[in-house]
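Undergrad: Sequential numbering from 1 applies to the sequence shown in full-length UniProt numbering. Handing you a structure now.
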Amino acid sequence: MDGSDGRTASLLPGTITLLLVAAQSNTDRLEGMRPEETGTAITELRSAVSEAATAHGGLRTVEQGEGDTVTVAFSRASDAVACALDLQRVPHPPLQLRIGLDTGEITSRGNTNCMPPTMARATRLLDLAHPGQTLLSTTTGDLAIDQLPADTWLIDLGSHQLPDLPRPIGVMQLCHRNFRNEFPALNLLEAVAGQDLPVPLTTFVGRAAQLDEVQELVIGNRLVTLYGAGGVGKTRLALQVAAQITSEFSDGLWYVDLGSISDPDLVPMSIMSAVGLADQPDYATQETLIRFVGDRRMLIVLDTCEHLLDVCGELVLALLGACPALTFLATSREPIRVTGEVTWRVSALSLAEAIELFTDRAGLVLPGFSITDADTQVVRNICRRLDSMPLAIELAAARVATLSLAEITKGLDDRFRLLNSGARTTVPRQQTLRASMDWSHALLTETQRTLFRRLATFPGTFDLTAAEAVAGYGDLKPHQVLDQLTLLVNKSLVVVEGSRGRTRYRLLESVRQYAAERLTESSDATAVHTRHRDHYALLADLLDASGHRDHQELIERAETELDNLNAALAWTHNAGDIAGALQLASSLQPIWFGRGHMHQGVAWFNALLEDENIHHQVVSAGVLARALADKVMLDAVLSSRVTVDDITARAQQALAIARDIGDPVVLARALTACGFSSGYNVGVARPYFDEAIELAQALNDKWTLSQILYWELLGAYISGDPVALRTAAETAQDLAKAIGDRFVARQCLLWFSVAKLWQGDLTEAIAQSRKVTAEAEAAGDVITRIAGLYTQARALAHRDAKRAQAAACMIVQVATEFELSPIYRRIGYAAMNCAALGAGDIALAVPDSELVPPSLSAQQDLVPTQHDLIAQAALARGDVLVARRIADEAVLVSQGWHLMVALTTRARVAIAQAELEQARNDLHTALACGADIQAYFGMPDCIELLAGLIGETSSHEATRLFGAASALRRRTGEVRFKTWNAAYEAAVAALRDAMGDEDFNSAWAEGAALPIKEAIVYAQRGRGKRKRPASGWESLTPAERNVVQLVSEGLSNKDIAKRLFVSVRTVHTHLTHIYTRLGINSRVQLVQEAMRHT
1 MDGSDGRTAS LLPGTITLLL VAAQSNTDRL EGMRPEETGT AITELRSAVS EAATAHGGLR
61 TVEQGEGDTV TVAFSRASDA VACALDLQRV PHPPLQLRIG LDTGEITSRG NTNCMPPTMA
121 RATRLLDLAH PGQTLLSTTT GDLAIDQLPA DTWLIDLGSH QLPDLPRPIG VMQLCHRNFR
181 NEFPALNLLE AVAGQDLPVP LTTFVGRAAQ LDEVQELVIG NRLVTLYGAG GVGKTRLALQ
241 VAAQITSEFS DGLWYVDLGS ISDPDLVPMS IMSAVGLADQ PDYATQETLI RFVGDRRMLI
301 VLDTCEHLLD VCGELVLALL GACPALTFLA TSREPIRVTG EVTWRVSALS LAEAIELFTD
361 RAGLVLPGFS ITDADTQVVR NICRRLDSMP LAIELAAARV ATLSLAEITK GLDDRFRLLN
421 SGARTTVPRQ QTLRASMDWS HALLTETQRT LFRRLATFPG TFDLTAAEAV AGYGDLKPHQ
481 VLDQLTLLVN KSLVVVEGSR GRTRYRLLES VRQYAAERLT ESSDATAVHT RHRDHYALLA
541 DLLDASGHRD HQELIERAET ELDNLNAALA WTHNAGDIAG ALQLASSLQP IWFGRGHMHQ
601 GVAWFNALLE DENIHHQVVS AGVLARALAD KVMLDAVLSS RVTVDDITAR AQQALAIARD
661 IGDPVVLARA LTACGFSSGY NVGVARPYFD EAIELAQALN DKWTLSQILY WELLGAYISG
721 DPVALRTAAE TAQDLAKAIG DRFVARQCLL WFSVAKLWQG DLTEAIAQSR KVTAEAEAAG
781 DVITRIAGLY TQARALAHRD AKRAQAAACM IVQVATEFEL SPIYRRIGYA AMNCAALGAG
841 DIALAVPDSE LVPPSLSAQQ DLVPTQHDLI AQAALARGDV LVARRIADEA VLVSQGWHLM
901 VALTTRARVA IAQAELEQAR NDLHTALACG ADIQAYFGMP DCIELLAGLI GETSSHEATR
961 LFGAASALRR RTGEVRFKTW NAAYEAAVAA LRDAMGDEDF NSAWAEGAAL PIKEAIVYAQ
1021 RGRGKRKRPA SGWESLTPAE RNVVQLVSEG LSNKDIAKRL FVSVRTVHTH LTHIYTRLGI
1081 NSRVQLVQEA MRHT
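Structural data, given as structure tokens:
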């Protein structure tokens, strides 16, 4: 019968390809439809199938598949594949299609045609498919592969033994560029339901590698036990593994759930019931099982054995001994512990898998649920707080129908109330998180319960020594702790981890919350928390002891125990012991500083020092002074949102108390804090540091010495001397490494990279700054990370402006994310300006108002070191007056390399203002400055600008200088900012035109051949020596003389700052230099000295 009219037809004998189509098996989308709407959807689908079949030469057959399945036959496999593509290409709302294809022969039986094998194979392929997926046998795939439509391909999904089929069948998936091609694992469980495995109602998520590993274990061993904590997914993993290895067990596989069995005598009966055996009066139950199994190659999945371990062990051993082809796959919260057992711990999901599981399960209760960019971090946090445990995640996901993600996150603080409504189809022990924990707790002995609840006081990991010290008292002796702890590990209530070659333990967070509830209900709570506090306070005291031989090892231990140390602090504070908490917080200063936890340290000092109860307690003067000093040091490094006056006042308060009590240890810390509070003014800090160093050396207080050396590194940076900076970094690094102070060690590596940059070694500077940035990010050290990124941006702007821009943006992102002081965002903005200048796109630069604070604080003295970039950006925008004001201030406050680039920048601005003599003087001074300290980064700009000025009077000399600058750029890799290329190219072109190519090239070559030092001497030839004396009136700079003049007029520092458009701090710096050079110490003396020289 011809099928071109879309009607069904009977088939003639021969080779055919069957295409089976079914609507999605998950009917959730149809539940809201009325029966007539559902019928209409199915009718429309059948009509669409008929049309597609007709278009590709297929016939709707009289013989149909199961249920609402539609069957189409084709004489050619390629036509069937093309039809399948068309069906999947066209949407059929609200339905999604599953399609299976197989090729075989139709045979004649009397007056009828028969195709059961082909129909059976196609039906089983259909069972394997997910909605939207098309599967075909390898037979069909091999026939069609050479005639696939464009943008279509096949992928091999392996060979599988499916029910009712005599041999395994190869499975392939049909893929198309415009189709969804990623699907979960094949629905093997549905396909083997006849093998007595429960059919899951949800998708299996993740664990691809674990599936393969367990599968190999089961195939190669006779008893494999999957063990792990309750709710970790042992049962689901076992079922998925079993479904994937059915072909290995030709005589079937069976599932036995022991969770509802409490009587050990019923275990053999449960297995008999699962395999379909009736009780036989003439034989014992065990014997009946042995007779049934015999030599059969079978797999029995024995689920939930933990409460019946003895009987399970005996029965399994007996069956395995008598039945050589039998295999058991067991699940339990602890191993069965019999001979021949292979144990495999089921761990939690990875974070990515946990998020995927949450999304999948949330979509079941809230159709259309998806994670937006804004939601990603919230879901990640939910999964992380639930330790990526499948049960807890599924229970949390079920709440999205009634709670927002933020509300779910908040609810996790009381997770046993939140996660209390699992599916009705779930076994009772898994319907709520509390039920799962109650099940495990009921299996413990009283001694195990005592240890279990006492371990709740550990918020993170802990070692055996801590467990014995904290939990080993009363009826539970310290020597008993190890054995009982081992039993809790075996029962999957405690997790074992390795850290630096040592064994550590922890409770999963949900387990710990349950144990904490039990601890609160007991009479142990106060005693356990006090013992916990005392144990970790002892570690903090050791860490704080001066000159400890194994200080680095103590640092490592304290870092590992940071969660416990914070818990001890919290308990001490909550117990109202402010003095004890302050002492503990101060003892942890090496951790706050050395391991990137400064924000945490500041938060503790703020909470304790601002606690109103501090005024009602007796806090010793030494404890208070030490705490004030330690907070000052942290605030100073972080440039916290604390005023300079407040930092200084706290430092001076600490110093006054320390001098009053005469404690050298406290005095050394207070003096160090005063040095820190001075900003980066070496002159002001020096007296404090000198006295502190003398005390610290006498006390062998290496940690305090390390902090002083670190702060002096910042002073060396401000001085702008690369040789001095590198030497200071190497000295400080040796001490920092010796005492395990990783923060200072990273800072030393950072400043080493800066010194390399100043000396013109851009390649090494970039490499070192990248290294330190990576280390800082890993350690959570945002301060060093930002400084490293800035160094990268400054160097990369001369090589790769895009990467420089990326580094600059990261600075701003980090500073914003961690809510750092505005100074750090301004550092990022300055780096953005650097990248914009390098790219020649000034539109990328940041406005001056974002970069220059209204007044510079003591902790903001680092900002002027970026003023050359701010001034250059202003000049590029055409804001010449703004550029000049900023450049003038940069020159006033800068030294060393900073002064060299500030003078070069001011010269560039002066040229734009036609102040050529000012420009010429600044450039000569910049060259001399750079030569004195061997700083060559930025020097090519200086030489080129000077060449441009000389070009007006001496073409040959100017060309030689241009050649020398070009050679220096080649050696250092410092590419000119594109912003200044046009002016440079115009100047060079003018010289070439004036000289002619031959003379120009000759002069250029002469300059390029000059070593850098000779090039500098050549550039300054004829200028004469104009070096100022080191002291006396003649040693004062023009800027300093301006300050003297205003002081003589009676102006205060604040008024002088306003007059000169600089900060009060800058005026103070100038006065310090003036007093030193003139050998005076008061304003009165200064006015008198000024009168003698007017």
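Glycine residues also receive a C-beta, built at the ideal position from the N, C-alpha and C atoms.
What residue ranges within the region 689-760 form continuous beta strand (DSSP E) runs of no fewer than 3 residues, ordered along the chain?
TA: If we require 3 residues or more, the region 689-760 turns out to have no beta strand (DSSP E) run fully inside it.
Undergrad: LEU154 and GLY141 look like a contact to me (Cβ under 8 angstroms); what is the Cβ gap, rounded to whole Å?
TA: Contact holds; Cβ gap of about 5 angstroms.
Undergrad: Could you say which of VAL782, SER753, THR118 lies nearest to ALA795 if we only look at CA atoms?
TA: Ranking the options by Cα distance to ALA795, first place goes to SER753.
Undergrad: So the candidates are VAL49, LEU87, ALA515, LEU455; which of them puts its Cα closest to the Cα of LEU71?
TA: Here residue 71 turns out to be Thr, not Leu, going by the sequence shown. Of the candidates VAL49, LEU87, ALA515, LEU455, the one whose C-alpha sits nearest the C-alpha of THR71 is VAL49.
Undergrad: Pop quiz: ILE1043 and VAL1017 are said to be a contact at Cβ under 8 angstroms. What is the actual Cβ separation, rounded to whole angstroms?
TA: The displayed chain sequence assigns Val, not Ile, to residue 1043. At roughly 33 angstroms, the Cβ-Cβ gap does not stay under 8 angstroms, so VAL1043 and VAL1017 are not in contact.
Undergrad: Along the chain, where does the beta strand (DSSP E) that runs through HIS176 open and close?
TA: Here the beta strand (DSSP E) through HIS176 covers 169-176.
Undergrad: In the structure shown, what three-state DSSP assignment does MET298 receive?
TA: Strand at MET298.
Undergrad: For the candidate residues SER677, LEU174, TYR824, GLY1050, whose alpha-carbon lies nearest to that of MET810?
TA: Selected option, being the one with the closest Cα: TYR824.
Undergrad: Decide if THR486 is buried, meaning its Cβ has at least 16 other Cβ atoms within 10 Å, or exposed.
TA: When all chains shown are included, THR486 counts as exposed.
Undergrad: Under 9 angstroms, do PHE977 and HIS798 count as touching if we go by C-beta distance?
TA: Taking 9 angstroms as the Cβ cut-off, PHE977 and HIS798 qualify as a contacting pair.
Undergrad: Among GLN210, LEU991, GLN747, whose alpha-carbon lies nearest the alpha-carbon of LEU961?
TA: Considering only alpha carbons, the answer is LEU991.
Undergrad: Pull up the distance between the alpha-carbon of HIS130 and that of SER273, whole angstroms please.
TA: If I take the Cα positions, the gap works out to 32 angstroms.
Undergrad: Rounded to the nearest angstrom, how far is the Cβ of ALA73 from that of GLY58, given a contact under 8 angstroms?
TA: Going by Cβ atoms, the distance from ALA73 to GLY58 rounds to 6 angstroms, so yes, they are a contact pair.
Undergrad: For LEU317, which residues of its own chain have a beta-carbon under 6 angstroms away from its beta-carbon, when the five flanking residues on both sides are left out?
TA: These residues qualify, in order along the chain: VAL338.
Undergrad: Please report the Cβ distance between LEU308 and VAL267, rounded to the nearest whole angstrom; I am assuming they are in contact, meaning their Cβ atoms lie under 8 angstroms.
TA: Yes, LEU308 and VAL267 are in contact; Cβ-Cβ is about 6 angstroms, under 8 angstroms.
Undergrad: Please give me, in chain order, every unbroken run of the beta strand (DSSP E) with length at least 3 that falls completely inside the region 66-136.
TA: You should have 70-74, 97-109, 112-114.
Undergrad: Drop a sphere of 10 angstroms on the beta-carbon of PRO459, count the other beta-carbons inside from all chains shown, and report buried for 16 or more, exposed for fewer.
TA: Buried, because 16 or more other Cβ atoms sit within 10 Å of the Cβ of PRO459.
Undergrad: Among the candidates ARG333, ALA779, LEU405, whose CA atom is the shortest distance from the CA of ALA442?
TA: Closest by alpha carbon: ARG333.
Undergrad: When burial is assigned at 16 or more other CB atoms within 10 Å of the CB, is ASP295 buried or exposed?
TA: By the 10 Å Cβ count, ASP295 comes out exposed.
Undergrad: Put ARG531 into one of helix, strand or coil per three-state DSSP.
TA: Helix.
Undergrad: Suppose the cutoff is 7 angstroms on Cβ atoms and the five residues either side in sequence are ignored; what does the same chain contact list for GLU691 look like?
TA: The answer, listed in chain order, is LEU671.
Undergrad: Between which two residues does the alpha helix (DSSP H) carrying ALA967 extend?
TA: Residues 955-972.
Undergrad: Would ALA303 pass as a contact of THR331 if the rule is Cβ separation under 9 angstroms?
TA: Inspection of the sequence shows that residue 303 is occupied by Asp rather than by Ala. Yes.
Undergrad: For ALA698, tell me which candidate among VAL723, ASP663, ARG453 has the shortest Cα-Cα distance.
TA: Considering only alpha carbons, the answer is ASP663.
Undergrad: Return the first residue and the last residue of the beta strand (DSSP E) that VAL342 is part of.
TA: Its beta strand (DSSP E) spans residues 342-345.
Undergrad: Assign SER894 to buried or exposed, taking buried as 16 or more other Cβ atoms, counted over all protein chains shown, within 10 Å of its Cβ.
TA: Per the 10 Å Cβ criterion, buried.
Undergrad: Which residue or residues does DSSP assign as beta-bridge partners of SER332?
TA: Its beta-bridge partners are TYR227.
Undergrad: Could you pull out every residue in the same chain whose Cβ sits closer than 6 angstroms to the Cβ of TRP897, ignoring the five residues on either side in sequence?
TA: If we look at TRP897 and ignore the five residues flanking it on each side, its Cβ neighbours are GLY720, TRP758, ALA935.
Undergrad: Near HIS1093, what residues of its chain come up, given a Cβ to Cβ distance below 8 angstroms and the 5 sequence neighbours on each side ignored?
TA: The answer, listed in chain order, is TRP1033.
Undergrad: Which of the three DSSP states, helix, strand or coil, is assigned to ALA9?
TA: Bear in mind that the predicted position of ALA9 carries a pLDDT of just 46, short of 50, making it unreliable; the figure below should be weighed with that in mind. Strand, per DSSP.
Undergrad: Rounded to the nearest angstrom, how far is the Cβ of LEU1086 from that of VAL1047, given a contact under 8 angstroms?
TA: With 8 angstroms as the limit, LEU1086 and VAL1047 qualify as a contact, their Cβ atoms being about 6 angstroms apart.
Undergrad: For ARG595, which of helix, strand or coil comes out of DSSP?
TA: The answer is coil: DSSP assigns ARG595 none of H, G, I, E or B.
Undergrad: Measure the beta-carbon distance from ALA912 to LEU875 and round it to whole angstroms, keeping in mind my assumption that it falls under 8 angstroms.
TA: About 6 angstroms separates the two Cβ atoms, so the contact holds.
Undergrad: Just how far apart, CA to CA, sit CYS674 and LEU628?
TA: In a straight line, the C-alpha of CYS674 is about 11 angstroms away from that of LEU628.
Undergrad: Can you tell me where the beta strand (DSSP E) holding SER587 begins and where it ends?
TA: No beta strand (DSSP E) holds SER587; the alpha helix (DSSP H) holding it covers 578-587.
Undergrad: Beta strand (DSSP E) containing TYR255: first to last residue?
TA: Per DSSP, TYR255 belongs to the beta strand (DSSP E) from 253-257.
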